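Heads up, the thing below is written out as structure tokens.
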Amino acid sequence: MEPGKRTEAGGCAAAGEAAAGPVFTLEEVGKRNSSQEAWLVIHGRVYDVTRFLEEHPGGEEVLLEQAGRDATESFEDVGHSTDAREMLKQYYIGEIHPHDRKKEGSKDPSMTSSGQASFWSTWLIPIFGALVIGLMYRYYMLDGRTS
0 MEPGKRTEAG GCAAAGEAAA GPVFTLEEVG KRNSSQEAWL VIHGRVYDVT
50 RFLEEHPGGE EVLLEQAGRD ATESFEDVGH STDAREMLKQ YYIGEIHPHD
100 RKKEGSKDPS MTSSGQASFW STWLIPIFGA LVIGLMYRYY MLDGRTS
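Reminder that position 50 of the sequence shown reads as 49 in numbering that gives the first Met the number 0, one-by-one numbering, no gaps.
Here you go:
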């Protein structure tokens, strides 16, 4: 794609972004959820896995179950090999529209939107735990001396 050329969704491609393809919305991807046409979104990239359905080691049902939507979590949960990740490149057809991308923040509730651990999980919880352990130790040591 030429630098600055408009994509399908009206976005503008950045200069030097040679690998970027057309931009699709989740609605467009959602229409491709059958064995005739199966698209997946993994890490914000759109893949047409129709040709791979019969070859997939886990069976085509696994792919069809995720077809037409964001399959990032399922893809990562399985723990795909480096070879599988390399194979993805041949099925790449474009990017998901920025408005449809999930928030890049972690699902971990102890993480803030900036991706840093919150004050509670970083400092207060460990300090509280240390205080409780210290008090328990002191209580049992004093109890042991009086008996």
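Even glycine gets a Cβ: it sits at the ideal position worked out from N, Cα and C. Just so you know, these numbers come straight off a predicted model, no measurement behind them.
*Gly57 versus Val40 - alpha carbon distance*: As a first step, residue 57 must be located in the sequence shown, where it is residue number 58. As a first step, residue 40 must be located in the sequence shown, where it is residue number 41. Each residue's alpha carbon lies about 18 Å from the other.
*Thinking just about the alpha-carbon of each residue, which of Glu94, Val77, Val28, Asp99 is nearest to the one in Ala66?*
Taking the first residue of the sequence shown as position 1, residue 66 is located at position 67. Here the closest residue by C-alpha is Val28.
*Per DSSP, cross-strand counterpart(s) of Ala37*: On the sequence shown, residue 37 is found 38 positions in, with the first residue counted as 1. Answer by DSSP bridge pairing, in chain order: Asn32.
_CB of Ile124 within 8 Å of CB of Val45, strictly_ = For the purposes of this step, residue 124 is identified with residue 125 of the sequence shown, where counting begins at 1. For the purposes of this step, residue 45 is identified with residue 46 of the sequence shown, where counting begins at 1. No, the Cβ-Cβ distance between Ile124 and Val45 is not below 8 Å.
*Sort Glu26, Tyr91, Asp47 by Cα distance to Ser34 and report the nearest one.*
Within the sequence shown, numbered from 1, the residue matching residue 34 stands at position 35. Out of Glu26, Tyr91, Asp47, Asp47 has the C-alpha closest to the C-alpha of Ser34.
*Three-way DSSP call (helix, strand, coil) for Glu94 in this model*: For the purposes of this step, residue 94 is identified with residue 95 of the sequence shown, where counting begins at 1. Strand, per DSSP.
*So Asp76 packs on Leu25, CB below 8 Å; how close in whole Å?*
Numbered from 1 along the sequence shown, position 77 holds the residue referred to as residue 76. Numbered from 1 along the sequence shown, position 26 holds the residue referred to as residue 25. That pair is no contact at about 20 Å.
*Compare the C-alpha of Arg50 against each of Phe127, Tyr91, Arg84, Ser73 and name the closest.*
Here residue 50 refers to the residue found at position 51 of the sequence shown. If we check each option's Cα against that of Arg50, Tyr91 comes out closest.
*Going straight from the alpha carbon of Thr71 to that of Leu52, what length do you get?*
Within the sequence shown, the letter at position 72 stands for residue 71. Within the sequence shown, the letter at position 53 stands for residue 52. Cα to Cα, the separation comes out at about 17 Å.
*Determine the direct distance from the alpha carbon of Gly93 to that of Lys30, and round the result to whole angstroms.*
Here residue 30 refers to the residue found at position 31 of the sequence shown. Here residue 93 refers to the residue found at position 94 of the sequence shown. Roughly 15 Å between the two C-alpha positions.
*With Arg44 as the anchor, note down where its beta strand (DSSP E) starts and where it stops.*
The residue given as residue 44 occupies position 45 in the sequence shown. That run of the beta strand (DSSP E) goes 44-47.
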